[in-house]
Amino acid sequence: MAASPAGPDRRAVFLDIDGTYADHGDVPPAHAEAVRRAREAGHLVFLCTGRPRSMVPARILAAGFDGFVGGAGAYVEVDGAVLADVRFPPEVAQRTVEVLLAHDVAFVLEAAEALWGPPGVDERMARHLAPHLRGGDPARPRPLDLLDTLRMTDDLTSLAFGKVS
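UniProt numbering applies: residue 1 is where the sequence shown begins, and numbers increase by one.
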């Protein structure tokens with residue numbers, strides 16, 4: 001990064017991913033270039049999203065960022081250091097999973113390191129997300145990496161997570 005502007009001239013820019021920095025998972029070259037130029041000018045640029053860190057593919061991070069706020073604020077990283085990683089208390093997490101399973105809800109438990117769900121939720125989520133991820137164009141390929149970190153398991157009650165989708 002170039003010399004940092006001092007005082008009130010230095011800015012922190014927070015960019016959402018979906019519909020702002022990226023369009024259906026694709027980062028326009030001009031957006032990546034704008035991030036690089038802002039950082040070269042000494043400004044800080046952060047991604048700020050409802051997604052957990054595990055749902056952000058490398059191609060979105062490729063321009064380089066000073067930090068990441070994810071999981072609807074449950075996870076914060078600045079210069080590679082994790083400042084916050086808030087998880088549900090174990091008893092609340094267990095009860096949440098039990099209720100969702102009892103009502104046959106398609107759900108995903110989100111954390112910085114992975115997504116977890118009950119067996120078969122990958123297919124249910126893919127069917128639900130497909131129209132949205134293709135930008136309304138059924139012929140457009142769906143970015144599969146959104147669910148790449150999804151792990152299915154029968155034992156969800158012992159997992160630590162920060163968000164449920």
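For every residue, glycine included, the Cβ atom is placed at its ideal position computed from N, Cα and C.
Assuming residue i is part of the beta strand (DSSP E), what are its boundary residues?
i, result
"L44", "44–48"
"E77", "75–78"
"F14", "12–15"
"A84", "81–85"
"L150", "150–152"
Hey, how far is the Cα of residue i from the Cα of residue j?
i, j, result
"E40", "E33", "10 Å"
"L15", "D26", "14 Å"
"T156", "R95", "Reading off the sequence shown, one finds Leu at residue 156, where the question assumed Thr. Straight-line Cα distance between these residues: approximately 11 Å."
"A81", "P119", "33 Å"
"G64", "A72", "21 Å"
"M125", "P8", "45 Å"
"T20", "L100", "32 Å"
"M1", "M152", "Any reading at M1 must be qualified, since the residue scores a pLDDT of 47, below 50, and its modelled position is unreliable; the value itself is stated next. If you take the alpha carbons of M1 and M152, they lie about 41 Å apart."
"P57", "L150", "13 Å"
"A114", "V35", "26 Å"
"V108", "P89", "17 Å"
"M55", "V78", "18 Å"
"S158", "R53", "20 Å"
"D18", "V97", "27 Å"
"A62", "K163", "25 Å"
"residue 168", "D85", "What the structure shows of the chain is the stretch from 1 to 165, and residue 168 is not part of that stretch, so it cannot be assessed."
"R59", "W116", "22 Å"
"P29", "A38", "14 Å"
"D154", "A130", "25 Å"
"A160", "A93", "7 Å"
"G50", "A106", "18 Å"
"A111", "H103", "22 Å"
Ends of the alpha helix (DSSP H) at residue i?
i, result
"A111", "It is not in any alpha helix (DSSP H) - A111 carries neither H nor E in the DSSP assignment."
"V105", "Counting along the chain, V105 falls outside any alpha helix (DSSP H), and DSSP gives it neither H nor E."
Can you tell me the Cβ-Cβ gap for residue i and residue j, rounded? I've got them flagged as a contact below 8 Å.
i, j, result
"L83", "D122", "31 Å between Cβ atoms; not a contact."
"R11", "H31", "That belief does not hold up - the Cβ atoms of R11 and H31 are roughly 17 Å apart, past 8 Å."
If you scan the stretch 22–70 from start to end, which runs of the alpha helix (DSSP H) of 4 or more residues do you find wholly inside it? DSSP runs (the alpha helix (DSSP H)) wholly in the stretch 22–70: 29–40, 58–61.
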